[in-house]
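Enquirer:
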Amino acid sequence: MLILIPFAVGCPTKVKPEGNQEARICPRCHNAAMFSAKSRTWFELCFVPLIPMNSKHVWMCGICQLQVNVQPGWEPQIAQPGYQHPQLQAQYGPPQNVGYQPSYVQPRK
Ligand SMILES: [Zn+2]
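Note that the sequence shown covers residues 90 to 198 in our numbering.
What follows is the structure, given as structure tokens:
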């Protein structure tokens with residue numbers, strides 16, 4: 090008699106932060122949420138990782154999930170203290186190149 094055991098096999102990729110966890114600026118979403126990580130593919134049986142397959146070092150963005158292979162000669166810019174997303178700066182920062190325009194003054198005709 091044949092007994093069928095349902096089991097699931099997969100090779101998911103797991104990303105684990107590693108090394109210096111300085112916040113870096115993501116080239117795609119411009120948030121200071123990039124960190125260096127190790128991306129490793131596992132052979133998985135019934136959702137239990139059994140055998141590590143291959144691994145590589147990547148830069149990973151925690152917000153937009155962008156992954157960039159670590160390559161010599163390029164690394165994301167380090168976020169300086171007080172770094173703000175450029176869009177947030179534009180939205181909440183002081184207005185630039187805007188004259189004083191009180192909205193309650195009606196133009197005279
Ligand atoms: Zn991003």
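Heads up, the beta-carbon is just placed ideally off N, CA and C, and yes, glycines get one too.
Please state whether the Cβ-Cβ distance between Gln110 and Phe124 is less than 8 Å.
Expert: Start at 1 with the first residue of the sequence shown, and residue 110 comes out as number 21. Start at 1 with the first residue of the sequence shown, and residue 124 comes out as number 35. Taking 8 Å as the Cβ cut-off, Gln110 and Phe124 qualify as a contacting pair.
Enquirer: Would you identify the three-state DSSP class for Pro175, choosing helix, strand or coil?
Expert: Here residue 175 corresponds to residue number 86 of the sequence shown, with the count starting at 1. Pro175 falls in the helix class under three-state DSSP.
Enquirer: Would you kindly work out how many angstroms separate the C-alpha atoms of Ile140 and Val98, rounded to a whole number?
Expert: Here residue 140 is taken as the residue at index 51 of the sequence shown, counted from 1. Here residue 98 is taken as the residue at index 9 of the sequence shown, counted from 1. Roughly 12 Å between the two C-alpha positions.
Enquirer: Tell me which same chain residues have a C-beta within less than 8 Å of the C-beta of His119, skipping the five on either side of it?
Expert: As a first step, residue 119 is located in the sequence shown; it is residue number 30 there, counting from the start. His174, Pro175 and Gln176, listed in sequence order.
Enquirer: Excluding five sequence neighbours on each side, which residues of the same chain lie with their C-beta closer than 6 Å to the C-beta of Pro106?
Expert: Taking the sequence shown and counting its residues from 1, one reaches residue 106 at position 17. If we look at Pro106 and ignore the five residues flanking it on each side, its Cβ neighbours are Phe124 and Ala126.
Enquirer: Can you tell me whether DSSP reads Phe96 as helix, strand or coil?
Expert: Here residue 96 corresponds to residue number 7 of the sequence shown, with the count starting at 1. Residue state, collapsed to three classes: coil.
Enquirer: Just checking my contact of Pro101 with Glu133 at CB under 8 Å: how many whole Å lie between their CB atoms?
Expert: The residue given as residue 101 occupies position 12 in the sequence shown. The residue given as residue 133 occupies position 44 in the sequence shown. That belief holds up - the Cβ atoms of Pro101 and Glu133 are roughly 6 Å apart, short of 8 Å.
Enquirer: Look at the Cβ atom of Ala122, then the Cβ atom of Ile167, and state whether they are nearer than 8 Å.
Expert: Start at 1 with the first residue of the sequence shown, and residue 122 comes out as number 33. Start at 1 with the first residue of the sequence shown, and residue 167 comes out as number 78. Not closer than 8 Å, so no.
Enquirer: For Gly117, which three-state DSSP category applies?
Expert: Looking up residue 117 in the sequence shown gives position 28. Looking at the sequence itself, residue 117 is Arg, so the reference to Gly does not match. In this structure, Arg117 counts as coil in the three-state DSSP scheme.
Enquirer: Can you give, in chain order, each stretch of the alpha helix (DSSP H) that sits fully within the stretch 122 to 146 and has at least 4 residues?
Expert: Qualifying alpha helix (DSSP H) stretches: none in this window.
Enquirer: How many Å lie between Lys103 and Leu93 at the Cα?
Expert: Here residue 103 refers to the residue found at position 14 of the sequence shown. Here residue 93 refers to the residue found at position 4 of the sequence shown. When rounded, the distance between both Cα atoms is 29 Å.
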